[in-house]
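Residue numbers (my numbering): 125 to 263.
Cβ atoms here follow ideal geometry from the backbone N, Cα and C, with glycine treated the same way.
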């Protein structure tokens, strides 16, 4: 990524923080995907994972999407971390960039949830996927 692209990403990050800091109940905001990896293209959307003190309602999600898309001039993909588990949570936590963390233990709590999920559930998910693959391949 060249310096102009990096400045654009930094500007987006600052604007996202400014918008989201005004939201009551927000505990954590993580930028992930191509924006966090520094691989945004002109047609890339911006992926943001949010954790509020309660699940994000559909109306609130639409309100946030509308405001962020208008301010940033890009499509936005919002993910609610309140109930999220599995591979997408692992991807967000391992490759994402924390923009806002209201309390220090919030991120640690999500990492703990991810680790428990990876240890407890993912072996079953993996086994099920392998069985499905075998049935598909061998009929």
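Counting C-beta pairs closer than 8 Å gives three or more between the stretch 183 to 201 and the stretch 136 to 146, which meets the contact rule. Annotated three-state conformation of residue 180 is coil, per DSSP.
In this structure residue 175 is in contact with residue 152, their Cβ atoms being roughly 4 Å apart against a cut-off of 8 Å. Exposed is the label assigned to residue 240, since fewer than 16 other Cβ atoms lie within 10 Å of its Cβ.
In this structure the stretch 198 to 209 lies against the stretch 171 to 186, because at least three pairs of beta carbons, one per stretch, are closer than 8 Å.
Within the same chain, 209, 210 come within 8 Å of residue 245 by CB-CB distance, once the 5 residues on both sides are set aside. Taking every protein chain shown into account, the CB of residue 183 has fewer than 16 other CB atoms within 10 angstroms, so this residue is exposed.
Per DSSP, the beta-bridge partners of residue 153 are 174, 224. Within a 10 Å sphere around the beta-carbon of residue 248 sit fewer than 16 other beta-carbons, which makes this residue exposed.
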